[in-house]
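Residue numbers (the numbering used here): 1287 to 1473.
For every residue, glycine included, the Cβ atom is placed at its ideal position computed from N, Cα and C.
Since the model is a prediction, treat every value here as computed from it, not as a measurement.
Okay, structure first, notes after.
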Amino acid sequence: TFEDWYTNPECTIPFTFGSELQENVDLYAKWTPGQSHYTVVYWLENANDNGYTYDSKVEETGATGTSASYTPKNYQGFTLNQEKTNQAAVTISGDGTTIRNVYYSRKTYTLTFQIRSERSWKPVYEQKNIKYGQSVQPWWDEASNKNDGYLWYTSRSGTTFYTAPPTMPNENLTIYGKNSSGNSTIY
């Protein structure tokens, strides 16, 4: 936005119109950034691949020519991917087409399988860095193949066992195996 005319390049001494000039004068125009609209788009990392899925958008206003900012959000099981978000930094243009992308990565946790061995529980399989919400099917299959004949329970002393592999919760997950000697009927 045009502000005024000045007599010095730093634009600190305003020119006074209406007086008679005694010599040639160089004038300098001072421009200040106007306010422009831009869009902030929030992306959430997919559970079973490295892509991101659109979550939401917010319309913002900022000074043209400055960096587009955003308001961080809190998503359960996610954390701001600062590196990817910083790489997507943009400057606000005056035409309203600026898009500021913000990326959230899934938190990762450890999956552990334990089996009852005589008087104690011992870990027999562990996988780290499983994303929140990700299917644990591949590791379930591997642990089950290595420990044939076990039913997988939700707790050490529980009576509830899994009938299918769960998805990774928003915390570490331990699955407990008990030997399924005898017959079990699943309804």
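- Boundaries of the alpha helix (DSSP H) harbouring D1427: Q1423 to K1432, taken from the DSSP string.
- S1305 sits exposed, since fewer than 16 C-beta atoms from the chains shown fall within 10 Å of its C-beta.
- By the Cβ-count criterion, W1426 is buried, with 16 or more other Cβ atoms from all chains shown falling within 10 Å of its own Cβ.
- The alpha-carbon separation between Q1308 and T1347 amounts to approximately 45 Å.
- Under a 10 Å Cβ-count criterion, N1458 is classified as exposed, with fewer than 16 other Cβ atoms of the shown protein chains found around its own Cβ.
- For T1357, the secondary structure class from DSSP, reduced to helix, strand or coil, is coil.
- I1385 counts as exposed, since fewer than 16 other beta carbons sit within 10 angstroms of its beta carbon.
- Straight-line measurement puts the Cα of T1383 at about 56 Å from the Cα of R1442.
- At a Cβ-Cβ threshold of 8 Å, Y1462 and W1438 count as neighbours.
- Put simply, of N1336, E1404, N1310 and P1424 the residue whose alpha carbon is nearest the alpha carbon of K1464 is E1404.
- With respect to the 8 Å criterion, Y1390 and Y1356 are not classified as neighbours on the basis of their beta carbons.
- In this structure the segment 1308 to 1326 touches the segment 1373 to 1382; the number of beta carbon pairs closer than 8 Å is three or more.
- In the structure shown, the three-state DSSP call for T1371 is helix.
- With fewer than 16 other beta carbons inside 10 angstroms of its own, W1407 counts as exposed.
- For the 8 Å CB-CB criterion, V1311 and V1326 do not form a contact.
- With 16 or more neighbouring CB atoms inside 10 Å of its own CB, K1417 falls in the buried class.
- Boundaries cannot be given for I1378, as no beta strand (DSSP E) includes it and DSSP labels it neither H nor E.
- Listed in chain order, the non-local C-beta contacts of P1295 below 8 Å within the same chain comprise Y1314, local neighbours out to five positions each way being set aside.
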